[in-house]
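With the working numbering as the guide, the letters of the sequence shown map in order to residues 309 to 670.
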Amino acid sequence: MGWHEVLGHGAQIDRFRRNLKSGRLASAFLFIGPEGIGKQFFARKLTQALFCEEHSEYECEPCSHCPSCQQVMTGTHPDLHFVELLAGTAEIRTAQIVGGAVKINDKEENFPGVCYEVNLKPISAKRKVVIINDADSLNDTSTANLLKTLEEPPPGAVIILLGTSLSQQLDTIISRCQVISFNSLLPEHVQQILLQQRVVNDSNQALELAMISNGSVELARRYLDSELLETRSELLNLLATLPQHPEKLSAMILKLVDVKSLSRPEKMEQLEFLTSIVVSCLHQVLLQLSGQSPTGDPLLQEIGRRIVDDWSGDVETCLACIDRTLETSFHARANANVKTLIDAWVDDLSQIWIHGGFKLPT
Ligand SMILES: [Zn+2]
Numbered sequence: 309m310g311w312h313e314v315l316g317h318g319a320q321i322d323r324f325r326r327n328l329k330s331g332r333l334a335s336a337f338l339f340i341g342p343e344g345i346g347k348q349f350f351a352r353k354l355t356q357a358l359f360c361e362e363h364s365e366y367e368c369e370p371c372s373h374c375p376s377c378q379q380v381m382t383g384t385h386p387d388l389h390f391v392e393l394l395a396g397t398a399e400i401r402t403a404q405i406v407g408g409a410v411k412i413n414d415k416e417e418n419f420p421g422v423c424y425e426v427n428l429k430p431i432s433a434k435r436k437v438v439i440i441n442d443a444d445s446l447n448d449t450s451t452a453n454l455l456k457t458l459e460e461p462p463p464g465a466v467i468i469l470l471g472t473s474l475s476q477q478l479d480t481i482i483s484r485c486q487v488i489s490f491n492s493l494l495p496e497h498v499q500q501i502l503l504q505q506r507v508v509n510d511s512n513q514a515l516e517l518a519m520i521s522n523g524s525v526e527l528a529r530r531y532l533d534s535e536l537l538e539t540r541s542e543l544l545n546l547l548a549t550l551p552q553h554p555e556k557l558s559a560m561i562l563k564l565v566d567v568k569s570l571s572r573p574e575k576m577e578q579l580e581f582l583t584s585i586v587v588s589c590l591h592q593v594l595l596q597l598s599g600q601s602p603t604g605d606p607l608l609q610e611i612g613r614r615i616v617d618d619w620s621g622d623v624e625t626c627l628a629c630i631d632r633t634l635e636t637s638f639h640a641r642a643n644a645n646v647k648t649l650i651d652a653w654v655d656d657l658s659q660i661w662i663h664g665g666f667k668l669p670t
């Protein structure tokens, strides 16, 4: 019942408990944290706490079973308006924010627009709540319109934007929202969620998935596909031989990303997935270089050790490699050519790696 279903975000729950108890709730929030750690689930739990028929919002204790709480979770509550990327699109369509028609698979769908909906009188709750998932993918027109609503929010309305990083948000959005940071989940929390949601039944398998997924339940789910585990292992092994064979690493990544049947957003998602594996390995190298105990699964630790054994640079070199890899995800969103993007990334990575501490201009 209630908040106990939310694992690993206790400080954030306490914060909202205090806000609601004192009757001071902001009108706009920006939840920031990695993908797949439960930000959306948290936003829905908060909405339940505001809409619950069993408990007043001052109690901030959703019952989870009254009709309102259930409607919030199933997405059918008339006062909760939810926006997310439509399948196969790279940005939130302006119509989803301001209203209008969008063509989806040759069928036209009409959206009233959340900026309009949030201004309507609540139907069964005391307020309107808007959750904008994938807020990293708002375009300029959507952002400009949303800013007007954030500047003059309708009385009682609560708007929650969910994003992965502050660097993806405009200062104008950040300054109008209360920013709440969410951290990655601990492996034991991911393990517990995987068992609770019956993603797997075996607790050892759940722990193994949790260890390799960097605190993301979403990633753990994806790893259940055994091909992905093989891909991860192959990628990590090629990463260990990067200075000798950069061409092998870029060829493997290109083969996995530049697949004809994938749409551009799907290609970018695949590339981000692969870069996240590289970053997790480089973090491992960083830990070992700075004398801290390794934290990942056995394969990651072993590859980390192999890399550190031949490492000619220092901690700064490793940080530069991490920065360069993170930049790749960023450039991917700017419509760069996939092959050029991957070749440039792997080439720069091997150069930084070999020449120790040398940071290439970006
Ligand atoms: Zn309830």
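No residue lacks a Cβ here, since even glycine has one placed at the ideal position from N, Cα and C.
Taking the alpha-carbon positions, what's the residue i to residue j distance?
i	j	result
Gly604	Lys429	50 Å
Val567	Gln578	10 Å
Asn545	Glu459	51 Å
Glu635	Arg326	38 Å
Ala528	Leu493	12 Å
Glu555	Val525	32 Å
Gln320	Gln552	46 Å
His663	Ser489	36 Å
Pro453	Val406	The sequence shown places Asn at residue 453, rather than the Pro named in the question. Spanning the two alpha carbons is a distance of roughly 7 Å.
Ile345	Lys575	22 Å
Ala398	His385	27 Å
Thr648	Gln659	16 Å
Ile672	Asp387	Residue 672 lies beyond the residue range present for the chain, which begins at 309 and ends at 670; the question has no answer from this structure.
Cys377	Arg572	37 Å
Name, in chain order, the residues that DSSP records as bridge partners for residue i.
i	result
Phe390	Ile439
Ser489	Ile340
Ile400	Leu446
Asn418	Ala409
Gly316	Answer by DSSP bridge pairing: none, since Gly316 is not bridged.
Gly471	Ile340
On the three-state DSSP scale, how would you describe residue i?
i	result
Val525	helix
Val586	helix
Ile520	helix
Glu425	helix
Gly408	strand
Val616	helix
Val466	strand
Leu454	helix
Asn413	coil
Gly604	coil
Gly664	coil
Gly310	helix
Tyr531	helix
Ile345	coil
Thr384	coil
His373	coil
His363	coil
Leu546	helix
Cys626	helix
Val646	helix
Ala334	coil
Ser637	helix
Lys575	helix
Val654	helix
Leu570	coil
Any heavy atom of ligand 1 within a distance shorter than 6 Å of the CB on residue i?
i	result
Cys377	yes
Cys374	yes
Glu362	yes
Cys371	yes
If you count every other CB in all the chains shown that lies within 10 Å of the CB of residue i, and 16 or more means buried, which is it?
i	result
Pro669	Residue placement at Pro669 is poorly supported in this model, since its pLDDT is 46, which falls under 50; the coordinates are not used for a value here.
Arg484	buried
Pro461	buried
Pro463	exposed
Thr457	buried
Arg323	exposed
His317	buried
Ser335	buried
Thr480	exposed
Ile412	exposed
Asn447	exposed
Phe666	Confidence at Phe666 is low in this model, with a pLDDT of 46, below 50, so the placement of that residue should be treated as unreliable; the coordinate-derived value is given next. Exposed is the call here.
Arg632	buried
Asp656	buried
Asn645	exposed
Ser569	exposed
Ala395	exposed
Gly621	buried
Quick check: is the beta carbon of residue i nearer than 7 Å to any beta carbon in chain B?
i	result
Asp322	The structure shown has no chain B; it contains just one protein chain.
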